[in-house]
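Colleague: Quick one: structure below, then a few questions.
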Amino acid sequence: MLSTVYLNKRRRPRIEAGHPWVFSGEIGRVAGDPAPGDIVKVVNHSGYLLGIGYINPQSQITVRMLSWEEQDIDTAFFEQRLRAAYQLRKHVVEDNSNAYRLVHGEADYLPGLVIDIYDQYAVVQSLTLGIDQRLPQIIEALQRVLSIKGIYERNDVTVRELEGLEQRSGFIGTEFDTSVQVMENGFPMRVDIASGQKTGYFLDQRENRAAIAHYVQDASVLDCFSHTGSFAVHAARYGAKQVKLVDISETAIDAAKQNAKLNEVEEKLDYVTANAFDYLRSVSDAGEIYDVVMLDPPAFTKSRKTVPAARRGYKEINLRGIKLTKPGGYLITSSCSYHMSKEEFLDVVAEAAIDAHRSLQLIEYRGQGKDHPALLAAPETSYLKFAVMRVW
Ligand code: SAH
96 MLSTVYLNKR
106 RRPRIEAGHP
116 WVFSGEIGRV
126 AGDPAPGDIV
136 KVVNHSGYLL
146 GIGYINPQSQ
156 ITVRMLSWEE
166 QDIDTAFFEQ
176 RLRAAYQLRK
186 HVVEDNSNAY
196 RLVHGEADYL
206 PGLVIDIYDQ
216 YAVVQSLTLG
226 IDQRLPQIIE
236 ALQRVLSIKG
246 IYERNDVTVR
256 ELEGLEQRSG
266 FIGTEFDTSV
276 QVMENGFPMR
286 VDIASGQKTG
296 YFLDQRENRA
306 AIAHYVQDAS
316 VLDCFSHTGS
326 FAVHAARYGA
336 KQVKLVDISE
346 TAIDAAKQNA
356 KLNEVEEKLD
366 YVTANAFDYL
376 RSVSDAGEIY
386 DVVMLDPPAF
396 TKSRKTVPAA
406 RRGYKEINLR
416 GIKLTKPGGY
426 LITSSCSYHM
436 SKEEFLDVVA
446 EAAIDAHRSL
456 QLIEYRGQGK
466 DHPALLAAPE
476 TSYLKFAVMR
486 VW
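Sequential numbering of the sequence shown, starting at 96, is according to our numbering.
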């Protein structure tokens, strides 16, 4: 018998609208004695069934919904969800790429679960207790859906602590070489799934990397926050003359050098290991100029409270980026902070242009790749902003 979570009367009807989160303050009472991680029924104040989910009393998000009807949450359930997720990827991931996100958590109706595929290897993140407890079934379901040679878990993420989970990472099952070579938009890239950032690579920008082809022909390019050089290598392979990469991480720059070699574009790339804020200031003061400036910083804010500080960060780098772009050139600017909306982000870039006494034409606006779907009912699942501006 499943325990039953009664929601209170005052809450907003978020669950009814398809958002999968029940916050602790929305719960009226719990009938039964569920253990942390257990599946519970979620009903409204008068007992009407809204669906089922897993519970973690320690988390502010106390229940995450898994289904809008009563059903067994077993290997077959996960297999069905993974098959649906894989079907989408078959439709939207081009044949010239074999690294993609298979499961994008809430947006694939599997809250708390991320699965990234790197050729024949999978990287798994279980961000919640309910998912962590069910990893064995999920792994089995994954192996039924895809022929996977090796699985690695990157559960070394702080959000797990909100769920009372420890951080850990390592092989699930057989060990393998974690430096994996994948294909992205037809270009080979080496990804270290054990030590790279996130699950090893920023898969969400794959389609945006392909989109830069229009703007980089014969260009001098500055790729700021380059990580392992994916944008830089794309630019070079799409015909850029020269690309300078800037990243604070020595490891990322070393990996970028490997990717340049793999793509035979070593002679086009220069590397700077530096804090981008300092570097951008010094080169813009020195009057350097590029045909294309790309900015892809880490999330400057992970909560609503720090948005004002993040705005200042985005404004500063965009101001510098605009100054460094020659008239008629392109600023290609991203933000992955979901607390900053598209409108807020474009506002900040517009303010930066005013301060730089320059004018911007918005040429292209994009978001995360199609293998990172956004659940319309859950705005949190839509986070990446990518804009191409012509700078005058
Ligand atoms: N453009 C990359 C992803 C960038 S992620 C890609 O497409 O793969 C953000 C990167 O910014 C990380 O590699 C991180 O090492 C770097 N970074 C973080 N803070 C930085 C800073 N202050 N200056 C320069 N790089 C920074």
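Glycine included, every Cβ here is placed at the ideal spot set by N, Cα and C. Keep in mind that this is a model prediction, so the values were computed, not measured.
Classify Ile449: buried if its beta carbon has 16 or more other beta carbons within 10 angstroms, exposed otherwise.
Modeller: Answer is exposed; the Cβ neighbour count stays below 16.
Colleague: For Ala482, which of helix, strand or coil comes out of DSSP?
Modeller: Strand at Ala482.
Colleague: Run through the stretch 330–368 for me and flag every whole alpha helix (DSSP H) of 4 or more residues, listed as ranges in chain order.
Modeller: Counting whole runs of 4 or more residues, the stretch 330–368 contains the alpha helix (DSSP H) stretches 345–357.
Colleague: Could you tell me the alpha carbon to alpha carbon distance between Glu235 and Asp211, rounded to whole angstroms?
Modeller: Glu235 and Asp211: Cα-Cα distance of roughly 16 Å.
Colleague: Tell me the rounded alpha-carbon separation between Tyr409 and Ser436.
Modeller: Going from the Cα of Tyr409 to the Cα of Ser436 covers about 13 Å.
Colleague: Buried or exposed: His186, going by 16 or more other Cβ atoms within 10 Å of its Cβ?
Modeller: So His186 counts as exposed.
Colleague: For the ligand SAH, is there a heavy atom less than 7 Å away from the beta-carbon of Val286?
Modeller: No, since every heavy atom of the ligand SAH falls outside the 7 Å radius drawn around the Cβ of Val286.
Colleague: Alpha carbon to alpha carbon, how far is Glu174 from Leu457? Give it in angstroms, no decimals.
Modeller: Rounded to whole angstroms, Leu457 to Glu174 spans 42 Å at the Cα level.
Colleague: Helix, strand or coil: which one does DSSP assign to Tyr143?
Modeller: Reduced to three states, the DSSP call for Tyr143 is coil.
Colleague: Does Thr253 pass the burial test, meaning 16 or more other C-beta atoms within 10 Å, or should it be called exposed?
Modeller: Thr253 should be labelled exposed.
Colleague: According to the Cβ coordinates, are Tyr296 and Ala194 closer than 8 Å?
Modeller: A contact, by the Cβ cut-off of 8 Å.
Colleague: Cβ of Ile307 within 7 Å of any heavy atom in the ligand SAH?
Modeller: No, Cβ of Ile307 sits at least 7 Å from all heavy atoms of the ligand SAH.
Colleague: Compare the C-beta of Phe440 against all C-beta atoms of chain B and say whether one is closer than 8 Å.
Modeller: Checking the listed chains, one finds no chain B in this structure; it contains a single protein chain.
Colleague: Nearest CA to the CA of Ala330: which residue from Asp342, His114, Gln312?
Modeller: It is Gln312.
Colleague: Would DSSP call Gln228 helix, strand or coil?
Modeller: The answer is helix: DSSP assigns Gln228 an H, G or I state.
Colleague: Run the CB neighbour count on Ser119, radius 10 Å, all protein chains shown included, and call it buried at 16 or more, exposed below.
Modeller: Exposed, by the Cβ-count rule.
Colleague: Determine the burial state of Gln300: buried for a count of at least 16 other Cβ atoms within 10 Å of its Cβ, exposed for fewer.
Modeller: Buried, because 16 or more other Cβ atoms sit within 10 Å of the Cβ of Gln300.
Colleague: My guess is that Ala473 and Pro115 are in contact by the Cβ rule of under 8 Å, so how many angstroms apart are they, rounded?
Modeller: Going by Cβ atoms, the distance from Ala473 to Pro115 rounds to 7 Å, so yes, they are a contact pair.
Colleague: Can you find a heavy atom of the ligand SAH that lies under 7 Å from the Cβ of Asp349?
Modeller: No.
Colleague: So, helix, strand or coil for Lys410, using DSSP?
Modeller: Residue state, collapsed to three classes: helix.
Colleague: Taking all protein chains shown into account, decide if Asn370 is buried (16 or more other Cβ within 10 angstroms of its Cβ) or exposed.
Modeller: When all chains shown are included, Asn370 counts as exposed.
Colleague: Give the DSSP-derived three-state secondary structure of Thr396 in the structure shown.
Modeller: Note: Thr396 maps to coil in three-state DSSP.
Colleague: If distances are taken between C-alpha atoms only, which option among Ser154, Phe481, Glu165 comes closest to Val138?
Modeller: Ranking Ser154, Phe481, Glu165 by Cα distance to Val138 puts Glu165 first.
Colleague: Jot down the residue ranges of each uninterrupted alpha helix (DSSP H) in the stretch 208–254, minimum 4 residues, whole runs only, in chain order.
Modeller: Fully enclosed alpha helix (DSSP H) runs of 4 or longer: 224–228, 230–240.
Colleague: Using three-state DSSP, classify His309 as helix, strand or coil.
Modeller: Helix, per DSSP.
Colleague: How far does the alpha helix (DSSP H) with Val137 in it extend, from its first residue to its last?
Modeller: Where Val137 is concerned, there is no enclosing alpha helix (DSSP H), although the beta strand (DSSP E) it sits in stretches over 134–138.
Colleague: What do you reckon, is the C-beta of Thr323 under 7 Å from a heavy atom of the ligand SAH?
Modeller: Thr323 Cβ: within cutoff of the ligand SAH.
Colleague: Scan the stretch 411–450 and note each continuous beta strand (DSSP E) run of 3 residues or more that stays entirely inside, going in chain order.
Modeller: Entirely contained in the stretch 411–450, the beta strand (DSSP E) runs reaching 3 residues are, in chain order, 420–430.
Colleague: Buried or exposed, going by whether 16 or more other CB atoms sit within 10 Å of the CB of Ser432?
Modeller: Counting Cβ neighbours within 10 Å, Ser432 comes out buried, since at least 16 surround it.
Colleague: I want to check one thing, is the minimum distance from the CB of Gln232 to the heavy atoms of the ligand SAH below 7 Å?
Modeller: Not under cutoff, so the answer is no.
Colleague: Which of the three DSSP states is assigned to Gln323 in this structure?
Modeller: Here residue 323 is Thr; the residue named in the question, Gln, does not match the sequence. The answer is coil: DSSP assigns Thr323 none of H, G, I, E or B.
Colleague: Taking only heavy atoms of the ligand SAH into account, decide whether any of them is closer than 7 Å to the Cβ of Gln292.
Modeller: Within the cutoff, so yes.
Colleague: Could you tell me the distance, in whole angstroms, from the CA atom of Phe481 to the CA atom of His322?
Modeller: Taking the straight line joining both Cα atoms gives about 17 Å.
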